[in-house]
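The sequence shown runs 300 to 573 under this note's numbering. Backbone N, C-alpha and C define an ideal beta-carbon position, used for all residues, glycine too.
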Amino acid sequence: MCTVCGCEASSKPKHADEIIREDRNFGLGEAGVSIPGYSQERLIKIEQDILSKNNRYASANRRWFNEHQFLTLNLLSSPGGGKTTLLRETLKNLKAKISIGVIEGDQATANDADKIRALGVPAIQINTGKACHLDAHMISHVLNDLKIKPGGILFIENIGNLVCPAAFDLGESCKVVIFSVTEGEDKPVKYPDIFSAADLVVFTKIDLLPHLDFDLDRAIEYSRQVNGDLDFIKLSAKSGVGLLEWQEWILAHHQVLKSKTASNANQHKAHSNA
């Protein structure tokens, strides 16, 4: 748990019992974290209160997204993982096909939102100050300002952080982890919560692989140890390799959402007429 926002890991690390005597693990208690002056029971209560409130807002957001038939993607990564670059290239190719909007999350500045607006795509910047992630309440405040037609796609670019955003549902359709090959391939086991919560892992900057010691197969293996249901896409926003597969994944999930929404509407209509 960080002292600002109350985030904390939801489970005991799988490797916790393997730590040698000289090492220290402050995540072995029931709360998964240790903070001076707080008992494990108190920390658990704080977490429950924070996440319960967030989940209520997330549920309301999800209803709103469904009513407007939005596919909403929560993009997550380390700082510098390539989220904004990938998002810009994605928008260039999709903006003529479908209504799109973006919510940008950063502690400060509107730099990324300005980059998106420069493409002619509506973007809303959320600055979180000392908070290290977006939460559902923040998202709820900007919903009515989104300039997206019903049936469109909303991209939420979360703050660069592999810890805090994992626990906070925003009401999104899917969580996508952007995993740069300039990082260590063991990121999934070092930061298991965010990979466990994800629906898709997108490996970025693969054009750099010939110059790195990154083991892509090992990174996939580590990811599957944490979450066996993950899908994977490998791409380079610079060279364009893999971008088509990424865009097809987005459009396929968008179509599934539209079909599901239409089916639910028909069932509701039939029930009302019964």
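Proximity to residue i [Cα-Cα], best of the options
{"i": "L550", "options": "F364, T389, L385 and N360", "result": "T389"}
{"i": "V476", "options": "L499, T408, L515 and A357", "result": "L499"}
{"i": "E544", "options": "D506, I458, I532 and K352", "result": "I532"}
{"i": "G450", "options": "C473, Q368 and K382", "result": "Q368"}
{"i": "P658", "options": "S535, F494, P487 and P491", "result": "Any answer about residue 658 is impossible in this case: the structure gives the chain only from 300 up to 573."}
{"i": "D487", "options": "L375, K352 and E366", "result": "Sequence inspection shows Pro at residue 487; the Asp mentioned does not correspond to that position. Closest option to P487, Cα to Cα, is L375."}
{"i": "P421", "options": "I452, S439 and Q406", "result": "I452"}
{"i": "A407", "options": "I458, S398, S439 and T371", "result": "I458"}
{"i": "C473", "options": "G379, N410, D492 and H552", "result": "H552"}
{"i": "T371", "options": "H432, L511, I402 and K537", "result": "I402"}
{"i": "G539", "options": "D512, D506, G379 and K489", "result": "D506"}
{"i": "V456", "options": "G381, D514 and L529", "result": "Sequence check: residue 456 is Glu here, not Val. The shortest Cα separation from E456 among G381, D514 and L529 belongs to G381."}
{"i": "G242", "options": "K396, N354, I438 and K559", "result": "Any answer about residue 242 is impossible in this case: the structure gives the chain only from 300 up to 573."}
{"i": "T575", "options": "P378, D468, N365 and N460", "result": "Because residue 575 is not part of the residues shown, which for the chain are 300 to 573, the question remains open."}
{"i": "D514", "options": "D485, N563, A430 and L542", "result": "D485"}
{"i": "G465", "options": "D413, D512 and S377", "result": "First, the amino acid is wrong: residue 465 is Ala here, not Gly. Among D413, D512 and S377, the Cα nearest to that of A465 is on S377."}
{"i": "K396", "options": "Q546, L556, N563 and V555", "result": "Q546"}
{"i": "Y490", "options": "D413, K448 and L461", "result": "L461"}
{"i": "K448", "options": "I399, W363, W548 and G541", "result": "I399"}
Residues that DSSP places opposite residue i in a beta bridge
{"i": "G404", "result": "I425"}
{"i": "T503", "result": "S479"}
{"i": "D434", "result": "Partner(s): none; D434 has no beta bridge."}
{"i": "F531", "result": "V500"}
{"i": "C463", "result": "None, per the DSSP bridge assignment."}
{"i": "I397", "result": "DSSP output for I397 lists no bridge partner at all."}
{"i": "K474", "result": "N373"}
Span of the beta strand (DSSP E) around residue i
{"i": "L374", "result": "L370 to S376"}
Contact belief for residue i with residue j at Cβ below 8 Å, rounded distance in angstroms
{"i": "A435", "j": "G470", "result": "6 Å"}
{"i": "L386", "j": "F494", "result": "Going by Cβ atoms, the distance from L386 to F494 rounds to 20 Å, so no, they are not a contact pair."}
{"i": "H432", "j": "C463", "result": "4 Å"}
{"i": "F467", "j": "N353", "result": "6 Å"}
{"i": "T384", "j": "D411", "result": "So it is not a contact: roughly 10 Å between Cβ atoms."}
Endpoints, the alpha helix (DSSP H) within which residue i is located
{"i": "I452", "result": "Note, I452: premise wrong, no alpha helix (DSSP H); beta strand (DSSP E) at I452 to E456."}
{"i": "D411", "result": "N410 to R416"}
{"i": "Y521", "result": "L515 to V525"}
{"i": "P487", "result": "K486 to K489"}
Segment contact, 8 Å Cβ cut-off, at least three pairs: the stretch 405-421 with the stretch 505-520:
no
Would you call the stretch 390-407 and the stretch 486-503 in contact, with 3 or more CB pairs under 8 Å?
With the cut-off at 8 Å, the stretch 390-407 and the stretch 486-503 do not touch.
Would you call the stretch 523-530 in contact with the stretch 440-457, where contact means no fewer than 3 C-beta pairs closer than 8 Å?
no
The stretch 472-492 touching the stretch 420-433, judged by at least three CB pairs closer than 8 Å
no
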